[in-house]
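Chains as they are written, first to last, in our numbering: chain A, 1 to 72; chain B, 1001 to 1166.
The structure is reproduced here in structure tokens:
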């Protein structure tokens, strides 16, 4: 029984080994790039924010010169 | 159970990389402009601050001006050696020139280049930036993970002065 537990444990651990990759901090060059951020393009993020505001909150735009249609 | 703990401790110790009291790992690296090569051995007899950095790393960008000022305040016996791990050396060169222009100072330290990140692997760098204060005998006396601020630099300066006197 004891051996079976050990074998099961080893199988579980080895199962993870193929999938878990520890990315060291010095290997994170690509993660540091702007395109990896949640909002990679500032212009697009602004537009998405504007549309979100109109769709979800019906606030009529997020600045004084825009209408409430969500289009620019 | 004791055996398992022992194996785990040994494995973690091996993984930890260079720690205080260890002999600094020697290297031969070329400069960012690829015109010269330098080794750690040639700096024996000096106190060294080995800094692993990259132009894409925010903490590295923050502390770099402090290194310019720190190196400029020491004429001899202390040398900063920065090792860039950028994929593109030009990014590092551009960043250093930018800092140089902002501070109106020439780059006062050695700027080496390690695109294969061999040194970061050999030292087991756990964060970016990582710095290693090495004494005159080539023994690591301080491991600093993360960026320095102005106060940290003052504490570092005291440690450097102490090591220079030894």
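Where is the CB? At the ideal position from N, CA and C, for every residue including glycine.
Within the model, the alpha-carbon separation for residue 1156/B versus residue 1044/B is close to 20 Å. Secondary structure note for residue 1040/B: it is in no beta strand (DSSP E), with a DSSP letter that is neither H nor E.
By a beta-carbon distance limit of 8 Å, residue 1078/B does not contact residue 1099/B. Their separation comes to about 20 Å. DSSP lists 1030/B, 1084/B as the bridge partner or partners of residue 1113/B. Beyond the five residues adjoining it in sequence on each side, residue 1095/B comes within less than 6 Å, by CB distance, of 1055 in the same chain, given in chain order. For residue 1142/B, the enclosing beta strand (DSSP E) stretches over residues 1140-1145. Residues are counted here when their Cβ sits less than 8 Å from a Cβ of chain A; for the stretch 1075-1088 of chain B these are 1085, 1086, 1087, given in chain order. Taking every protein chain shown into account, the CB of residue 1076/B has fewer than 16 other CB atoms within 10 angstroms, so this residue is exposed. At a cut-off of 8 Å between beta-carbon atoms, residue 14/A makes no contact with chain B. Under the three-state reduction of DSSP output, residue 1095/B falls in the helix class.
Chain B has no Cβ within less than 8 Å of the Cβ of residue 37/A. The bridge partners DSSP lists for residue 1047/B are 1078/B. Within the stretch 1013-1039 of chain B, no residue places its CB atom closer than 7 Å to a CB of chain A. Three or more beta-carbon pairs separated by less than 8 Å are not found between the stretch 1108-1120 of chain B and the stretch 1135-1144 of chain B, which leaves the two stretches without contact.
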